[in-house]
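The opening position of the sequence shown corresponds to residue 173 in the numbering used here, with each subsequent residue numbered one higher.
Below is one structure, written out as structure tokens; the observations come after it.
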Amino acid sequence: MILGFRKLRQVLQPQQIALLEACLIGLVAGLAAVLLEQGTALLGSWRIYFSHQSWLALPIFGMVGGLAAGWLVERVAPEVAGSGIPQVKAVLARVPMTLNLVSALVKLVGGILVLGSGIPLGREGPTVQIGAALAASISRWVPTSPAYRRQLLAAGAGAGLAAAFNAPIAGVIFVVEELLQDFSGLTLGPAILASFIAAVLARVLGDQTFELQLKLMDFKTGFSIQEIPLYLLLGVVAGVLGAVFNRSILVSLNFNRKFLRLRLPLRVGLAGLMVGLIMTQLPDSFRNNAGLREMISGGNLSWQLVGLAFICQFLLTIIAYGSGAPGGLFAPALVMGTSLGYLVGVFSEFTLGLNSPITFALAGMGAFFTAVARVPITAIIIVFEMTNDFNLVLPLMIVCAVSYLVAEQIFSGSIYDHLLAFNGIHIEQEKEKSDDKLLGTLVASDVMQTRVETLSAQTTVVEAVAVFASSHHRGFPVLANKKLVGIVTQTDLLKVSQRKLADNIPVTEIMTPQPIVVHPGESLREVLFLLNRFNISRLPVTAERQLVGIITRSDIIRAESNLLSGERERASPAPSPSYTVFQTCDPAIGQGRLLIPLLNPNTAPLLMRFAAAIAKSRNYELECLHVITVPRSDIPGDARVSTLKAQRLLAKARRLGHQLGVPVHTQIRVAHDVALTILETIKQRRIDIILMGWQGNTNPGRIFSDVIDIMIRQAPCEVLLVRPKGAQVPVNWLLPMGGGPNAQEALKILPALLSCTGDTSRVSLCQIFADEQAAVDSELLQANARELARHLGHPVETAALVAEDISATLIAYAQRGNFDGIILGASRDSLLRQVIHGNIPDNLTRNSDSTVVLVRTVD
173 MILGFRKLRQ VLQPQQIALL EACLIGLVAG LAAVLLEQGT ALLGSWRIYF SHQSWLALPI
233 FGMVGGLAAG WLVERVAPEV AGSGIPQVKA VLARVPMTLN LVSALVKLVG GILVLGSGIP
293 LGREGPTVQI GAALAASISR WVPTSPAYRR QLLAAGAGAG LAAAFNAPIA GVIFVVEELL
353 QDFSGLTLGP AILASFIAAV LARVLGDQTF ELQLKLMDFK TGFSIQEIPL YLLLGVVAGV
413 LGAVFNRSIL VSLNFNRKFL RLRLPLRVGL AGLMVGLIMT QLPDSFRNNA GLREMISGGN
473 LSWQLVGLAF ICQFLLTIIA YGSGAPGGLF APALVMGTSL GYLVGVFSEF TLGLNSPITF
533 ALAGMGAFFT AVARVPITAI IIVFEMTNDF NLVLPLMIVC AVSYLVAEQI FSGSIYDHLL
593 AFNGIHIEQE KEKSDDKLLG TLVASDVMQT RVETLSAQTT VVEAVAVFAS SHHRGFPVLA
653 NKKLVGIVTQ TDLLKVSQRK LADNIPVTEI MTPQPIVVHP GESLREVLFL LNRFNISRLP
713 VTAERQLVGI ITRSDIIRAE SNLLSGERER ASPAPSPSYT VFQTCDPAIG QGRLLIPLLN
773 PNTAPLLMRF AAAIAKSRNY ELECLHVITV PRSDIPGDAR VSTLKAQRLL AKARRLGHQL
833 GVPVHTQIRV AHDVALTILE TIKQRRIDII LMGWQGNTNP GRIFSDVIDI MIRQAPCEVL
893 LVRPKGAQVP VNWLLPMGGG PNAQEALKIL PALLSCTGDT SRVSLCQIFA DEQAAVDSEL
953 LQANARELAR HLGHPVETAA LVAEDISATL IAYAQRGNFD GIILGASRDS LLRQVIHGNI
1013 PDNLTRNSDS TVVLVRTVD
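As structure tokens, then:
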């Protein structure tokens, strides 16, 4: 498939390829939506059938379906928990988050299990994430620019929504209004085509749509001037209740995270059980979530049942979504809006004698959806496309506008923005816009290299091989009469052996003629697009066929960095920014992040256990980093490196973290300097604590090593250094204390480390005094021992030692007491002073058989 696209890329124009990709995205998104709909309907029909045989069927289906869906999501793709729209919005905002074929499949199966088992969530959110995930997979087949790939993802999301509602225009509007907020033609083209194809496919292959069912009811809508106050009332009520609903969703999520604290399968299974039990006490018409909205809007229920439907849908949705079930909020919001509008319509019959509850019901659908998602245009278009009734447009405009304004005053922001913020993701849209503007202000001549190594047309293949061997470049432009005629790469040299050509032939026989070029005034956005579109690493810059420069990906990155920082050129050679070549992300569910650089496979498991224990005790996420260094002469973005071993190491770390119940993010970076890369990661990923292994050997003028000394001096977060002795987690811990506050940080870390071994651990607090009189009066030592014993739940030993040589005394005491772990606390300044007064941590690691943990506090 990938080879086929590459061949098409050679014969088709970029615009034609874009249309082909959009068609394919629309087809697969539409098929996925149909599968989700049909699977949900099939499982739901079984559930309803068995519910007539026994009332136990409802809670059993809910519990089993929830457990199965939760287990699948937790084990395979944790990123698909919840609606799916916040995740897509985060990815489109360039937040690292997994979105691939596996995500789509897990969301599809998980959605069928959840929705078919009766949990009252919607399939629209899942179809949006499924469509975006499928688009992400398709976009990888044909290399494209990051901006264009982002627009393909948005097209997939819009196609998913269009297929779910059979509303192609609404799918496009939702992409523009909520996901991208971008009206460029490049964005709208793929989104429009994909949305329409997905909607048509869903209409052809799917069941009877909401639109057709409403037509069969022969309903009538209308609008009169005297109804305007009631529409204003409906907008106000929908805005208030929509804001309350959004707050309630966040309260439910917070309750599950902080108080319930169950694993995802148990949470979703418990929610399904509760929903099933409540459903047994409700009328039979409430058991079919898909048909409830149509029954209300068609006037087939009494106003009492409609009011009950609103209350039940409100409460059950909060319970279900708070569990993390893979389902959306679109459908519940539409049901609640329909119920609310119908009640206002019934009120209008009693007060004004107007007979139009259906019109109010349909208007309420858009009003409540607006209050929840804050997308009034999308809400108007969705209802209009489902009904094809122009009489609804003016009522919808009134109620949606009022609902939006009222909801914003009470609780500003859409539910999706709040869900992202709840998971620690804050999208800075203004920054994205400024970044896009920056790409438009730079041109090729601003970033290109003017000194270009070239080959002449008369250069032989043997001479070219020698040039390649002595250079780090992987390609050279070929000139004839000072004009560019082709380009020779390392791949072209393979043609010599494959075709059995002579070594003395000129390079013009094997070069790529008429290479892709750019003009000096070409915008940087177009340059980056061409580099990604044709999967090349460099572009010649020509003026009237004469070569004036060459531009690479790293030139673009460096120029953007300089322009953003106010620099125009570098004064001296300096390390380039690191380049991320591999990355995985778990859901951001913690309250902070712990960074652990992993280099040595032998010590990685022990360090991971330490890091996971600390992260779990603080409700942090783990960030595993592997750095591959390249010479300063190589550009990290262009360097050829092997990541196989690093990926295996990080995969083992990720599995271990998941076994210990901690979210794990991983990344591999290519860089010139390890220390600067770690500091760069700390800043970019907002790290709260870093845990590193160290070898225990020092260089002249160094406390520990080059990298660790920089971390001690410059890291803006807490630093933990671990010098392991052996592969086992220490059981017996020795905690030396001084007279100052530094040991308090070690006391905070120790309980987490003890959780690795359980109640069999021994802990001893010791303090070294200069004379015996001071050792007798050790109130601080005893007080800390009592506090630690109370926190740990078992006794803590104490030892007051008298000595002058602190290191030797600690080593001897640790050996006598069989302590295999020593933990020290120190501030930044105290560690730096040890260069003069003696490096106690390094002496311990050199001369003792214990694992040493050093906690450097934040000054």
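Every residue, glycine too, gets a C-beta built ideally from N, C-alpha and C.
Assigned exposure category for residue i - 16 Cβ within 10 Å defines buried
{"i": "I688", "result": "exposed"}
{"i": "K279", "result": "buried"}
{"i": "I483", "result": "exposed"}
{"i": "H837", "result": "buried"}
{"i": "Q939", "result": "buried"}
{"i": "L566", "result": "exposed"}
{"i": "T270", "result": "buried"}
{"i": "R717", "result": "exposed"}
{"i": "T622", "result": "exposed"}
{"i": "Q453", "result": "exposed"}
{"i": "E959", "result": "exposed"}
{"i": "N428", "result": "buried"}
{"i": "K387", "result": "Residue confidence is low: K387 scores 43 on pLDDT, short of 50, so the model does not pin down where it sits. Its coordinate-derived value is still stated next. Per the 10 Å Cβ criterion, exposed."}
{"i": "Y792", "result": "buried"}
{"i": "E193", "result": "buried"}
{"i": "R459", "result": "buried"}
{"i": "Q839", "result": "buried"}
{"i": "T523", "result": "exposed"}
{"i": "P896", "result": "buried"}
{"i": "L126", "result": "The structure shown does not extend to residue 126, since the chain spans only 173 to 1031, so no value can be given for it."}
Enclosing beta strand (DSSP E) for residue i [first to last residue]
{"i": "V753", "result": "751 to 756"}
{"i": "T714", "result": "710 to 715"}
{"i": "E158", "result": "Outside the displayed span of the chain (173 to 1031) sits residue 158, for which this structure offers no information."}
{"i": "A971", "result": "969 to 974"}
{"i": "C938", "result": "934 to 941"}
{"i": "I786", "result": "Unbroken run through I786 is the alpha helix (DSSP H), 776 to 790; no beta strand (DSSP E)."}
{"i": "R429", "result": "From DSSP, R429 is part of no beta strand (DSSP E); its letter is neither H nor E."}
Cβ-Cβ separation, residue j to residue i (assumed contact under 8 Å), whole Å
{"i": "G500", "j": "P298", "result": "6 Å"}
{"i": "P678", "j": "T632", "result": "6 Å"}
{"i": "F991", "j": "L906", "result": "4 Å"}
{"i": "G198", "j": "S367", "result": "7 Å"}
{"i": "L832", "j": "K788", "result": "7 Å"}
{"i": "T531", "j": "C572", "result": "Incorrect: roughly 14 Å between the Cβ atoms, too far for contact."}
{"i": "S424", "j": "I369", "result": "Not a contact, Cβ separation roughly 37 Å."}
{"i": "L512", "j": "F540", "result": "6 Å"}
Beta-carbon contacts of residue i that lie in its chain and below 7 Å, excluding the five residues immediately before and after
{"i": "A497", "result": "G238, A241, V286, I291, L293, V440, A443"}
{"i": "A961", "result": "P967, V968"}
{"i": "L488", "result": "P292, V447, I450"}
{"i": "L244", "result": "V278, V281, G282"}
Contact set for residue i: own chain, Cβ-Cβ below 6 Å, skip 5 residues either direction
{"i": "A249", "result": "V274, S275, V278"}
{"i": "E383", "result": "For E383, the predicted structure reports a pLDDT of 43, less than 50, and the residue's modelled location is therefore unreliable. A value from the coordinates is still provided. Same-chain partners within the cutoff: M558."}
{"i": "V347", "result": "A326, G330, A363"}
{"i": "N1015", "result": "S979"}
{"i": "P902", "result": "D992, G993, T1023"}
{"i": "I345", "result": "I549, T550, I553"}
Residue range of the alpha helix (DSSP H) that includes residue i
{"i": "W905", "result": "No alpha helix (DSSP H) holds W905; the beta strand (DSSP E) holding it covers 904 to 909."}
{"i": "E276", "result": "One point to set straight first is that residue 276 is Ala, not Glu, in the sequence displayed. Where A276 is concerned, the enclosing alpha helix (DSSP H) stretches over 273 to 288."}
{"i": "V555", "result": "548 to 559"}
{"i": "L577", "result": "565 to 582"}
{"i": "M235", "result": "229 to 248"}
{"i": "M864", "result": "Taken as a continuous stretch (DSSP letters only), M864 belongs to no alpha helix (DSSP H), being part of the beta strand (DSSP E) at 861 to 865."}
{"i": "I854", "result": "846 to 856"}
Beta-carbon contacts of residue i that lie in its chain and below 8 Å, excluding the five residues immediately before and after
{"i": "K655", "result": "R717, Q718, L719"}
{"i": "I859", "result": "R765, L766, L767, E795, T853, C889"}
{"i": "V802", "result": "P808, A811, V813, V842, A843, H844"}
{"i": "R1005", "result": "Legend: pLDDT at R1005 = 40, less than 50; position of this residue unreliable, no value from coordinates given."}
- State whether the region 706 to 722 contacts the region 664 to 682, with contact taken as three or more CB pairs (one from each stretch) at a distance under 8 Å. no
- Meets three-Cβ-pair contact criterion under 8 Å: the region 819 to 831 and the region 785 to 799: yes
- How do the region 324 to 336 and the region 278 to 293 stand: do at least 3 beta-carbon pairs fall below 8 Å, yes or no? no
- Query: Is the region 206 to 222 in contact with the region 400 to 414, if contact means three or more CB pairs nearer than 8 Å?
  - Reply: no
- Is it true that the region 577 to 584 meets the region 549 to 559, where meeting means three or more beta-carbon pairs spaced less than 8 Å apart? no
- Message: Using 8 Å as the cut-off, can you tell me whether the region 250 to 265 makes contact with the region 746 to 762, which would need three or more C-beta pairs spanning the two stretches below that distance?
- Response: yes
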